[in-house]
Amino acid sequence: MKKQFMQWAGVGVWIALTLSACSSPQTEVGNLNVIPQPQEVSQDIQTTPFVINPQTCVTYPEGNEMLKRTAEFLASYMKEATGVTVRTSTQAERKNAIILDIDSTISHKEGYQLKVTPETIYLNGGSEAGVFYGVQTLYKALPFTKGRQVSAAIPAGTVNDYPRFGYRGFMVDVGRHYFPVSYLKQIIDMLALHNINYFHWHLTEDQGWRIEIKKYPKLTEVGSTRPRTLIDRETQTYDETPHSGFYTQEEAKEIVQYAADRFITVIPEVDLPGHMMAALVAYPELGCTGGPYEIPCKWGVFPDVLCGGNDQALQFAKDVLNEIMDIFPSPYIHIGGDECPKIRWEKCPKCQRKIRELGLKNMPAHSKENQLQTYFMSEVGKVIADRGRKMIGWDEMLEGGLAPDATVMSWTSTRGGIETARMHHNAIMTPIQFLYFSNPTYNKIKGTKSLERVYTFEPVPEELTAEEKQYIIGTQGCIWTEWTRDSVKMEWQILPRMAALSEIQWTEPEHKNFNCFLKRLPSLLAIYKDRGYDFRQDIYDVNIDIIPASGEETAQIALRTFDNAEIHYTLDGTVPDAQSPLYTDSIQVNQDVTIQAIAIRPQGNSQISKEEIHFNAVK
Numbered sequence: 004m005k006k007q008f009m010q011w012a013g014v015g016v017w018i019a020l021t022l023s024a025c026s027s028p029q030t031e032v033g034n035l036n037v038i039p040q041p042q043e044v045s046q047d048i049q050t051t052p053f054v055i056n057p058q059t060c061v062t063y064p065e066g067n068e069m070l071k072r073t074a075e076f077l078a079s080y081m082k083e084a085t086g087v088t089v090r091t092s093t094q095a096e097r098k099n100a101i102i103l104d105i106d107s108t109i110s111h112k113e114g115y116q117l118k119v120t121p122e123t124i125y126l127n128g129g130s131e132a133g134v135f136y137g138v139q140t141l142y143k144a145l146p147f148t149k150g151r152q153v154s155a156a157i158p159a160g161t162v163n164d165y166p167r168f169g170y171r172g173f174m175v176d177v178g179r180h181y182f183p184v185s186y187l188k189q190i191i192d193m194l195a196l197h198n199i200n201y202f203h204w205h206l207t208e209d210q211g212w213r214i215e216i217k218k219y220p221k222l223t224e225v226g227s228t229r230p231r232t233l234i235d236r237e238t239q240t241y242d243e244t245p246h247s248g249f250y251t252q253e254e255a256k257e258i259v260q261y262a263a264d265r266f267i268t269v270i271p272e273v274d275l276p277g278h279m280m281a282a283l284v285a286y287p288e289l290g291c292t293g294g295p296y297e298i299p300c301k302w303g304v305f306p307d308v309l310c311g312g313n314d315q316a317l318q319f320a321k322d323v324l325n326e327i328m329d330i331f332p333s334p335y336i337h338i339g340g341d342e343c344p345k346i347r348w349e350k351c352p353k354c355q356r357k358i359r360e361l362g363l364k365n366m367p368a369h370s371k372e373n374q375l376q377t378y379f380m381s382e383v384g385k386v387i388a389d390r391g392r393k394m395i396g397w398d399e400m401l402e403g404g405l406a407p408d409a410t411v412m413s414w415t416s417t418r419g420g421i422e423t424a425r426m427h428h429n430a431i432m433t434p435i436q437f438l439y440f441s442n443p444t445y446n447k448i449k450g451t452k453s454l455e456r457v458y459t460f461e462p463v464p465e466e467l468t469a470e471e472k473q474y475i476i477g478t479q480g481c482i483w484t485e486w487t488r489d490s491v492k493m494e495w496q497i498l499p500r501m502a503a504l505s506e507i508q509w510t511e512p513e514h515k516n517f518n519c520f521l522k523r524l525p526s527l528l529a530i531y532k533d534r535g536y537d538f539r540q541d542i543y544d545v546n547i548d549i550i551p552a553s554g555e556e557t558a559q560i561a562l563r564t565f566d567n568a569e570i571h572y573t574l575d576g577t578v579p580d581a582q583s584p585l586y587t588d589s590i591q592v593n594q595d596v597t598i599q600a601i602a603i604r605p606q607g608n609s610q611i612s613k614e615e616i617h618f619n620a621v622k
């Protein structure tokens, strides 16, 4: 028996088989090596695959509503990919059936085992969530045959799989720009496709309060609207158009349920005590100066924050979070804690009185004002703990000493996560340098290089001990929306980098391989296209690598694409096309040239990639 293992060179390539005369004339067979890469895959490419047809049935145990819903998801996914409508049933069919079930012997609750035979697919999960992730693998393992006169099949083989991290998150900021419920559901579907299990919902900002709080109605009546928005950083141009929007508590609960159906937990974030200008406009008595305040129409960090010494402000935070916890059943509640200037606190009589009352003193590592923030967050944390939840905040929480039982999201770098782990607190790695998909500098990186920057990030630092490494519980990507006004820009920044993120989150490091990842990517891009996602098209462009030769008198030019597409190039300044020289091997040059290259594919040509080579610059 010839088997195809995980790092098989043909990953992502569909195999066309000619079947017997009594069956479909042609069948395309998918690949069990999907994104994120399962931990263990064995494919038998010589055994007859499992062919999808209208008689195929997805079965689930009677009375298990979660598996019923997952079976229906699988049926809809198969319809998306193949155009074939399959049945769902509780009947214990054994032929032409995909059988979903729970296996308590699978040690990892989010793990699953998949066995594909010519007649039956057995999918067992350590829990209902595990089955759901197995269904995502089956979906992505299908060839995309909808609208074509071919049958779709899944290759015979086995998969044993589980996630590396229990926390696999993605954050969307709706404070700067509001996105409707319908679009957030699309984002959640996107997360499900990538095996992400936490949707971090950044709900409040200086520029807009987006969640209804019944005890404080002016938060949305006043704080959800700004009169205009900065749209150009260099020219400081504004659009002069009011921007508004918020989510009712019922809409928030709708999002929570929609996500839960896909085994995604929604983590709400109310960012405090900084980033509170929208709240201060609504309730100016909560600030140090009493106002008047204005909702900012530009981006940045602002000096006016909740008054750390005002018991009324602390009660406000507690009241808001209690309502938040009524809406969101998440075990985690995010309270921000980032970018809170202490300028007002240093001069505020109430803050200084509270500092004296608490006996806080300036210390080498922590100012008394930073310690006041720790006190504020600790008091908020007590409310969260009393409700049986856990507090998460950004790594600035470390500045005044970490509040008890707090989990830290390390965004400024990995250093906050390292410090947190050494304190034996849980940390989630989300560094701006790698996992902020809205980072303007990062967005200048094009093609596969932007993917590689994400893919090669390792969340667990080597300098931690084995015991300390256990406190790195996961990693998360973030999209901030200062300059993101619509879904096109949103998706352009997210995709396909979310695919690289998913493999960081899910796949053990020893099973990761970037070149292998690129070979698996085309089948996932096909799903993006079918769903109408506006992913970065520069993924299709030619990568130009310039390597100075010994002595720096010549240079080698290497051209490549992620899918080994046909490449044509020019060196004389003309625009390349299909009639230009075909690239077969590295090109050697010894004088200044401008290389331009284009990838030729049946579905269309790439954009032109261009690089200038100046030998004086090389020297």
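Using our numbering, you'd call the opening residue of the sequence shown number 4 and step up by one each time.
C-beta atoms are modelled at their ideal positions from N, C-alpha and C, and glycine is treated no differently.
How far does the alpha helix (DSSP H) with residue i in it reach, from first residue to last?
{"i": "K321", "result": "D314 to I330"}
{"i": "D533", "result": "F517 to R534"}
{"i": "M69", "result": "E68 to T85"}
{"i": "V259", "result": "Q252 to A263"}
{"i": "W483", "result": "Careful: W483 lies outside any alpha helix (DSSP H) and carries neither H nor E."}
{"i": "T50", "result": "T50 -> no alpha helix (DSSP H), and no H or E assigned at all."}
Within this structure, are the beta carbons of residue i and residue j separated by less than 8 Å?
{"i": "N546", "j": "T451", "result": "yes"}
{"i": "G404", "j": "Q374", "result": "yes"}
{"i": "Y186", "j": "R213", "result": "no"}
{"i": "P39", "j": "S490", "result": "no"}
{"i": "E96", "j": "C60", "result": "yes"}
{"i": "M328", "j": "R390", "result": "yes"}
{"i": "V284", "j": "G226", "result": "yes"}
{"i": "A316", "j": "G211", "result": "no"}
{"i": "G277", "j": "G339", "result": "yes"}
{"i": "E326", "j": "K217", "result": "yes"}
{"i": "N446", "j": "Q496", "result": "yes"}
{"i": "V184", "j": "E254", "result": "yes"}
{"i": "T557", "j": "V592", "result": "yes"}
{"i": "S589", "j": "Y572", "result": "no"}
Can you tell me which of the options puts its alpha carbon nearest to the alpha carbon of residue i?
{"i": "A320", "options": "F379, Q355 and A368", "result": "F379"}
{"i": "V87", "options": "K532, T148 and L103", "result": "T148"}
{"i": "S45", "options": "G160, I55, N99 and S110", "result": "G160"}
{"i": "I258", "options": "V225, F331 and A316", "result": "F331"}
{"i": "T634", "options": "T232, T268 and Y165", "result": "The chain is shown from 4 up to 622; residue 634 falls before or after that span and cannot be answered."}
{"i": "C481", "options": "F437, G169, T417 and E237", "result": "F437"}
{"i": "D408", "options": "T415, K385, I421 and R418", "result": "K385"}
{"i": "Y165", "options": "T410, G133 and P525", "result": "G133"}
{"i": "I395", "options": "T423, H369, R418 and S416", "result": "T423"}
What residue does the beta strand (DSSP E) around residue i start on, and which one ends it?
{"i": "M394", "result": "K393 to W397"}
{"i": "G339", "result": "Y335 to G339"}
{"i": "T410", "result": "T410 to S413"}
{"i": "Q655", "result": "In this structure the chain extends from 4 to 622, so residue 655 is not present and cannot be described."}
{"i": "M432", "result": "A430 to M432"}
My guess is that residue i and residue j are in contact by the Cβ rule of under 8 Å, so how many angstroms apart are they, rounded?
{"i": "N198", "j": "W509", "result": "5 Å"}
{"i": "R171", "j": "N127", "result": "Incorrect: roughly 21 Å between the Cβ atoms, too far for contact."}
{"i": "T564", "j": "A602", "result": "5 Å"}
{"i": "I358", "j": "P306", "result": "About 18 Å; that fails the 8 Å criterion."}
{"i": "E75", "j": "I105", "result": "E75 to I105, Cβ: 17 Å. No contact."}
{"i": "F53", "j": "I157", "result": "5 Å"}
{"i": "P64", "j": "T93", "result": "7 Å"}
{"i": "V37", "j": "A144", "result": "6 Å"}
{"i": "F168", "j": "T478", "result": "6 Å"}
{"i": "E402", "j": "H369", "result": "7 Å"}
Who are residue i's beta bridge partners in DSSP?
{"i": "R229", "result": "H246"}
{"i": "Y125", "result": "I102 and K118"}
{"i": "I547", "result": "L562"}
{"i": "K613", "result": "Q599"}
{"i": "T62", "result": "S92 and I102"}
{"i": "E569", "result": "I603"}
{"i": "F440", "result": "F440 pairs with nothing; no bridge assigned."}
{"i": "R171", "result": "T478"}
{"i": "D235", "result": "T240"}
{"i": "D575", "result": "T597"}
{"i": "T268", "result": "Y201"}
{"i": "E208", "result": "G211"}
{"i": "I190", "result": "Answer is none; I190 lacks a bridge partner."}
{"i": "D537", "result": "DSSP output for D537 lists no bridge partner at all."}
{"i": "L3", "result": "Here the chain covers residues 4 to 622 and nothing more, so residue 3 does not appear."}
{"i": "L275", "result": "G339"}
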